[in-house]
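Participant: Please find one structure pasted underneath; my questions will follow.
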Amino acid sequence: MSKTLQNILLFVFFMVCIYNILKPVEKRIMQRFNNSYERISVKFSLQETKRIDISNITITSYNNEIQQCDDTPNIMASNRLVYEGAVAISRDLKKKYNIKYGDLVYIKVFDSFFVIEDTMNERIKNTIDVFKFDKKESLKINFKNQDIIIYKVKR
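For the sequence shown, this note's numbering begins at 4 and goes up steadily by one.
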């Protein structure tokens with residue numbers, strides 16, 4: 004094996020190792036950020052918010068892929084970068100309940116709060132789409148007839 008090929012293979016090996024080391028670190032940082040963002044949002048916004056209970060909602064998931072989004076898959080409709088803890092809401096729900104970006108949604112099946120940051124394609128009705136980076140995790144999310152609570156953040 005030539006010296007150049009050995010160097011290329013060694014370089015590729017180190018890059019794969021570095022990627023495998025940094026990916027979990029990035030995930031922990033994002034989880035820590037999202038958890039603190041959730042606590043801060045809930046702490047300050049639930050004091051004087053309007054609560055809307057909604058039943059029979061479909062919960063699905065999406066990734067930042069062009070096939071599932073528009074031509075800017077890393078930017079949500081609220082002009083924020085994608086992050087786990089954000090959701091897209093169908094346009095019929097957004098219009099019916101006058102939901103704004105930044106409003107919170109409590110999804111009972113996850114027992115967790117999410118921030119509404121995006122909208123879905125017009126053809127999709129009565130649905131909340133949870134953002135996930137991991138496609139395998141995303142494929143597992145498909146719940147029908149779920150209950151949610153919208154908390155309209157006072158602005």
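Cβ coordinates follow ideal geometry from the N, Cα and C atoms, glycine included.
Whose C-alpha, out of T52, K6, I57 and I11, is nearest the C-alpha of N2?
Facilitator: The structure shown does not extend to residue 2, since the chain is modelled only from 4 through 158, so no value can be given for it.
Participant: Where does S39 fall in DSSP's three states?
Facilitator: Its pLDDT being 44, under 50, S39 is placed unreliably by the model, and nothing is read from it.
Participant: Are there 16 or more other CB atoms within 10 angstroms of the CB of F116, so buried, or fewer, so exposed?
Facilitator: With 16 or more Cβ atoms within 10 Å of its Cβ, F116 is classed as buried.
Participant: Could you tell me the distance, in whole angstroms, from the CA atom of S141 to the CA atom of I131?
Facilitator: Taking the straight line joining both Cα atoms gives about 13 Å.
Participant: Residues in its own chain within less than 7 Å of K97 by CB, not counting five upstream and five downstream?
Facilitator: Same-chain partners within the cutoff: T122.
Participant: Could you check if L12 is buried or exposed, using at least 16 other CB atoms within 10 Å of its CB as the buried criterion?
Facilitator: Answer is exposed; the Cβ neighbour count stays below 16.
Participant: Applying the 10 Å Cβ sphere with the 16-neighbour rule, what's the burial state of K103?
Facilitator: When all chains shown are included, K103 counts as exposed.
Participant: Can you grab the Cα-Cα spacing for the pair K138 / N66, in whole Å?
Facilitator: Distance between the alpha carbons of K138 and N66 is about 7 Å.
Participant: Starting from L107 and walking both ways along the beta strand (DSSP E), at which residues does that stretch end?
Facilitator: Element bounds for L107: L107 to I110.
Participant: Are R54 and Y154 touching if we call contact CB-CB under 8 Å?
Facilitator: Cβ distance < 8 Å, so R54 and Y154 count as in contact.
Participant: Does the beta-carbon distance from I151 to I60 come in below 8 Å?
Facilitator: Contact: yes.
Participant: Give the range of the alpha helix (DSSP H) segment to which K128 is assigned.
Facilitator: Element bounds for K128: n/a, residue is neither H nor E.
Participant: Give the single residue among G88, K99 and N124 whose Cα lies nearest to the Cα of I110.
Facilitator: The residue with the shortest Cα to Cα distance from I110 is G88.
Participant: Any idea what DSSP makes of I11, helix, strand or coil?
Facilitator: Helix.
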